[in-house]
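Under numbering that gives the first Met the number 0, the residue at position 67 of the sequence shown is numbered 66, and the numbers go up by one with no gaps.
Note that beta-carbon positions come from the ideal geometry of N, C-alpha and C, so glycine has one too.
Here is the structure we will look at, set down as structure tokens.
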Amino acid sequence: MAAKLRKGDKVVVLAGKDKGKEGTIASVDPKAGKAVVDGVNMAIRHTRQSQTAQGGRLPKALPIDLSNLALLDANGKATRVGFRMEGDKKVRFAKTTGDVIDA
0 MAAKLRKGDK VVVLAGKDKG KEGTIASVDP KAGKAVVDGV NMAIRHTRQS QTAQGGRLPK
60 ALPIDLSNLA LLDANGKATR VGFRMEGDKK VRFAKTTGDV IDA
């Protein structure tokens, strides 16, 4: 099935401790149904110092379930994603505005 949310999409969190926060998808794991969003679902990770990197308590974004994310449309509101054919190409579109997402 085609991915409704992809890397680089602007999304808003619908549920959980970070409800209402916005961010950009850094990576998606379709098998697990999760995505890593910059600045959302942050946790402190303790890392050992190495020759190249400084150690310490570093914040890291953890994966969040795709069902708790919604795409932001051109107006900055949460929207669902639909698919339609334009010519011979399948494109994603925002259900609220009808605008094509992939340009």
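Asked                                                                                                                                                 : Found
Under a Cβ-count criterion, where at least 16 other Cβ atoms within 10 Å of its own Cβ denotes burial, should Phe-82 be classed as buried or exposed? : exposed
Hey, quick one: how far does the beta strand (DSSP E) through Lys-94 stretch, first residue to last?                                                  : Neither: Lys-94 is in no beta strand (DSSP E) and is coded neither H nor E.
Hey, is the stretch 62-73 in contact with the stretch 24-37, meaning 3+ C-beta pairs nearer than 8 Å?                                                 : yes
Run the proximity test for Asp-101: is its beta-carbon closer than 8 Å to any non-hydrogen atom belonging to the ligand GDP?                          : Among the components of this structure there are no ligands whatsoever, and the ligand GDP is therefore not found.
Quick one: what's got a C-beta closer than 8 Å to Pro-58's C-beta in the same chain, skipping five residues either side?                              : Met-41, Ala-42, Ile-43 and Arg-44
Per DSSP, Asp-28 forms a beta bridge with which residues?                                                                                             : Lys-33
In the structure shown, what three-state DSSP assignment does Leu-68 receive?                                                                         : strand
For Lys-6, count the other beta carbons within 10 Å of its own beta carbon; 16 or more makes it buried, fewer makes it exposed. Which is it?          : exposed
For Thr-46, report the span of its beta strand (DSSP E) as first-last.                                                                                : 41-46
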